[in-house]
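Here's the structure we're looking at; comments come further down.
There are 2 protein chains.
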Amino acid sequence: MPRRVDHAERRAEIAEALVRAAGRLGLHAVGMRDVAAEAGVSLRLVQYYFESKEKLLLFGLQHLAGRFGERVSARIAAAGPDPGPRAVIEALLAAALPVDAESRTFHHLYTAYAVLSVTDEALAAQPFIKDPDAAEATVTALLRRAAGAGLLRPGTDPSAAAAGLLALSAGLGTGVLVGQRTAGSATAVLTYHLDRIFQPAEESGRPRRSAPAHADAAQAASRGDTATP
Amino acid sequence: MPRRVDHAERRAEIAEALVRAAGRLGLHAVGMRDVAAEAGVSLRLVQYYFESKEKLLLFGLQHLAGRFGERVSARIAAAGPDPGPRAVIEALLAAALPVDAESRTFHHLYTAYAVLSVTDEALAAQPFIKDPDAAEATVTALLRRAAGAGLLRPGTDPSAAAAGLLALSAGLGTGVLVGQRTAGSATAVLTYHLDRIFQPAEESGRPRRSAPAHADAAQAASRGDTATP
DNA sequence: ATTTTCGTGATACGAACGTATCACAATGAT
DNA sequence: ATCATTGTGATACGTTCGTATCACGAAAAT
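Protein chains in written order, with the numbering used here: chain A, 260 to 488; chain C, 260 to 488.
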């Protein structure tokens with residue numbers, strides 16, 4: 260049966276299997292055999308396409324980061340053509356919240372990798388640690404632009420606010436992940452804090468694009484139940 | 260040599276050893292033999308005082324939570340007699356930031372446990388998941404009190420702000436842990452956000468107790484270097 | 001004084017894991 | 001048509017892990 264096969268594609272499939280298996284069993288508990296079974300191939304094949312477990316893990320992380328990037332881009336694109344700074348930031352931050360199965364796995368494994376990177380220097384050297392840095396730079400730039408356009412409340416420091424938003428989103432995500440907080444409440448808290456940064460929409464001319472102002476929903480949902488009807 | 264021995268104390272010592280070993284090797288990599296070696300006892304003793312690894316891990320988590328609680332209390336007590344709401348909140352949040360070796364280990368292992376709890380229901384059922392809940396309730400109450408005393412900026416929602424602060428602190432902590440952010444920058448961002456919640460100090464009568472207003476240090480240090488001279 | 005219980009060490013066991021080896025079929029090159 | 005290369009399966013190896021077993025010394029109970 261051994262036809263010529265696309266290595267990159269094969270590796271991607273196996274990485275996908277790793278992500279699925281790790282999402283189910285936990286990254287610490289997943290073994291080569293689990294990945295092989297999940298991918299529907301033999302153990303040997305996993306060994307063949309990734310020489311060692313460490314390389315598999317590394318590639319899995321990169322694969323995950325790539326998929327996450329695509330997800331964020333898609334969300335931003337879905338915010339419509341030429342979205343305002345707030346819409347972009349909102350899409351960016353919301354993409355990181357574990358609201359569905361896919362983003363839940365993202366957050367789960369990202370956190371697991373982060374924990375591993377504390378004691379594994381090969382992982383610590385990986386650029387995924389620097390990804391948040393890039394995200395922060397992006398949000399900072401966005402906020403600066405918004406500040407220039409007078410969209411922010413006075414006295415807002417774009418750099419500090421950006422760092423805060425990213426950390427907030429990450430912290431909320433973890434809260435959702437461990438079941439301490441619902442996805443709805445996390446979103447509400449996020450919206451609340453965006454409202455504290457962005458100037459409230461003025462009631463003038465054309466209807467505003469974003470922020471349908473569930474500012475009060477924030478307090479209601481902040482502690483508790485999902486928004487699902 | 261076998262004199263009568265205090266079980267509770269012994270278990271605490273072993274749990275301490277577990278924490279040290281896990282802080283060094285990572286929670287995923289620590290085994291019973293590592294704990295035994297770290298505690299300077301035989302493998303059998305670890306087995307004797309904790310029947311299984313799972314029980315050891317569970318006890319280790321509780322032990323860690325206990326020590327963390329003491330740390331927070333000490334920080335609050337160190338804020339002086341009858342400290343204001345802001346001082347208490349500041350102490351609470353700052354205690355969670357990984358600024359020294361001890362708090363670093365706290366954050367590292369807490370996060371590791373949190374990740375494990377996603378796939379391990381025995382861990383998920385553990386009350387340490389609920390501890391953040393209690394902290395959030397405390398901060399919310401504190402903020403409510405402060406709001407009543409007119410210490411907060413108008414329009415602040417105590418519940419949403421409390422949730423935000425806790426999540427912010429957790430997120431910043433993770434950033435510091437993985438080396439994406441320095442302890443100094445995390446503290447600065449935290450201070451910035453507290454400044455955005457609490458009313459700025461009025462320049463009246465007696466000198467104010469807290470908040471020496473390094474509000475501008477926040478922007479300077481937000482991206483970068485430690486505060487160490 | 002004897003017996004029972006408690007604390008401790010040494011060592012063994014079975015399972016699971018990552019990795020390595022061997023064999024061989026299918027393909028592309030010559 | 002032959003040969004080297006590539007893809008794949010089956011299986012074995014050595015290690016490490018959590019746990020279990022056995023033995024024995026010291027204290028407490030009788």
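For every residue, glycine included, the Cβ atom is placed at its ideal position computed from N, Cα and C.
Closer than 8 Å to chain A by CB, residue i
i        : result
Ile348/C : no
Ile335/C : no
Ser362/C : no
Ala383/C : yes
Gly307/C : A small correction: the amino acid at residue 307/C is Tyr; Gly does not occupy that position in the sequence shown. Not closer than 8 Å to any Cβ of chain A, the Cβ of Tyr307/C fails to qualify, so no.
Ala371/C : yes
Gly423/C : yes
Thr378/C : yes
Ala406/C : no
His266/C : no
Val398/C : no
Asp341/C : no
Val294/C : no
Gly285/C : yes
Pro391/C : yes
Own chain partners of residue i with C-beta closer than 7 Å, once the 5 adjacent residues on each side are dropped
i        : result
Ser368/A : Correcting the residue identity first, residue 368/A is Leu in this sequence and not Ser. Closer than 7 Å at the Cβ level, and outside the excluded window around Leu368/A, lie Val278, Ala281, Gly282, Leu286 and Leu323.
Val331/A : Leu351 and Ala354
Ala246/C : Absent from the model: residue 246/C. The displayed extent of chain C is 260 to 488, so no value can be given.
Glu268/A : none
Glu297/C : Ala276, Arg279 and Ala280
Glu272/A : Ala298
Ala333/A : none
Residue j beta carbon less than 8 Å from that of residue i
i        : j        : result
Ala426/C : Leu431/A : yes
Asp265/A : Gln439/C : no
Val347/C : Ala360/C : no
Leu284/C : Thr378/A : yes
His452/C : Gly423/A : yes
Val294/C : Ser376/A : no
Phe387/A : Leu320/A : yes
Ala381/C : Glu313/C : yes
Ala421/C : Glu395/C : yes
Thr433/A : Ala429/C : yes
Sheet register partners of residue i (DSSP bridge)
i        : result
Leu411/C : Phe457/C
Cβ-based neighbour list, residue i, same chain, cut-off 8 Å, excluding 5 preceding and 5 following
i        : result
Arg455/C : Arg412
Thr415/A : Leu402, Ala406 and Ile456
Arg263/A : none
Gln306/C : Met291
Gln458/C : Gly409, Leu410, Leu411 and Arg412
Proximal residues to residue i (C-beta, below 6 Å), its chain only, five neighbours per side dropped
i        : result
Pro417/C : Thr399, Leu402, Arg403 and Ala406
Val289/C : Ala280 and Ala281
Ala445/A : Leu356, Leu431 and Val435
Phe309/A : Leu315
Arg363/C : Pro357
Rounded Cβ spacing between residue i and residue j (contact assumed at less than 8 Å)
i        : j        : result
Arg270/C : Phe318/C : 6 Å
Ala447/C : Val358/C : That belief does not hold up - the Cβ atoms of Ala447/C and Val358/C are roughly 12 Å apart, past 8 Å.
Thr370/A : Val300/C : No, Thr370/A and Val300/C are not in contact; Cβ-Cβ is about 33 Å, not under 8 Å.
Leu302/A : Met291/A : 6 Å
Min CB distance residue i to chain C below 8 Å
i        : result
Leu427/A : yes
Asp416/A : yes
Gly548/A : In the structure as shown, chain A starts at 260 and stops at 488, and residue 548/A therefore has no counterpart that could be examined.
Asp359/A : no
Thr433/A : yes
Gly319/A : no
Gly290/A : no
Ala419/A : yes
Gln439/A : yes
Ala470/A : Residue confidence is low: Ala470/A scores 40 on pLDDT, short of 50, so the model does not pin down where it sits. No coordinate-derived value is stated.
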